[in-house]
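Step one of this worksheet: look at the structure below.
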Amino acid sequence: MNSAVRLLVVVGLLLLINLAGATTAMASWRCEGDLLTVERISGAVDPRGLVQDMPNQLDGTLPGDGILLRWRALTLQLPRTNNAGTPSYTDGRWWWREEDSQHPEFFERRGEIKRYVCDPA
Numbered sequence: 852m853n854s855a856v857r858l859l860v861v862v863g864l865l866l867l868i869n870l871a872g873a874t875t876a877m878a879s880w881r882c883e884g885d886l887l888t889v890e891r892i893s894g895a896v897d898p899r900g901l902v903q904d905m906p907n908q909l910d911g912t913l914p915g916d917g918i919l920l921r922w923r924a925l926t927l928q929l930p931r932t933n934n935a936g937t938p939s940y941t942d943g944r945w946w947w948r949e950e951d952s953q954h955p956e957f958f959e960r961r962g963e964i965k966r967y968v969c970d971p972a
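Residue numbering for the sequence shown follows the numbering used here, beginning at 852 and increasing consecutively.
Rendered as structure tokens:
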């Protein structure tokens, strides 16, 4: 195998390894009667293993991580906030937090804040 082919194989393997570790299993709820799924994603810069004492590593997430939230006709990619406590995710309009895994908090800000009620699916 020449060096260019080896390089392509190595790069391909690294991409597969990165993609395999980039997401975790999905969780689902019924929010306002419609199925909602949440999939966690690792951030573009993944400091795991590099920094031992990074604050607020609750639930195995780090600043820079995010979620893919699918609900109704929406697919939202929400970045993790740096707030203390249970990890929360927001893009400024939508907000998600699973402090109570049976009833996560799901809000939308459009002038006023609208709360969507979520229950286990």
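By construction, the Cβ of each residue, glycine as well, lies at the ideal position given by its N, Cα and C atoms.
The structure displayed is predicted, hence computed values, not measured ones.
Given residue i, which residues of its chain have a CB within under 8 Å of its CB, disregarding the five upstream and five downstream residues?
i      : result
Met877 : Thr888, Val889 and Glu890
Residues in the same chain with beta-carbon distance under 6 Å from residue i, minus the five sequence neighbours each way, listed in chain order, please.
i      : result
Tyr967 : Cys882, Glu883 and Phe957
Arg960 : Arg944
Lys965 : Glu959
Ile918 : Val889, Arg891, Leu929 and Tyr940
Gly936 : none
Arg923 : Asp885
How long is the line joining the alpha carbons of residue i and residue j, rounded to whole angstroms?
i      : j      : result
Arg921 : Ser939 : 16 Å
Asp942 : Ala972 : 25 Å
Asn934 : Arg948 : 11 Å
Gly915 : Gly894 : 5 Å
Cys969 : Pro955 : 6 Å
Ser925 : Gly962 : Before going on, a small fix: residue 925 reads as Leu here, not Ser. Computed Cα separation, rounded: 20 Å.
Excluding the five sequence neighbours on either side, which residues of its own chain have a C-beta within less than 7 Å of the C-beta of residue i, listed in chain order?
i      : result
Leu886 : Ser879 and Ala972
Thr932 : Ser939, Tyr940 and Thr941
Gln953 : Pro971
In this structure, what does DSSP give as the bridge partners for residue i?
i      : result
Arg923 : Answer by DSSP bridge pairing: none, since Arg923 is not bridged.
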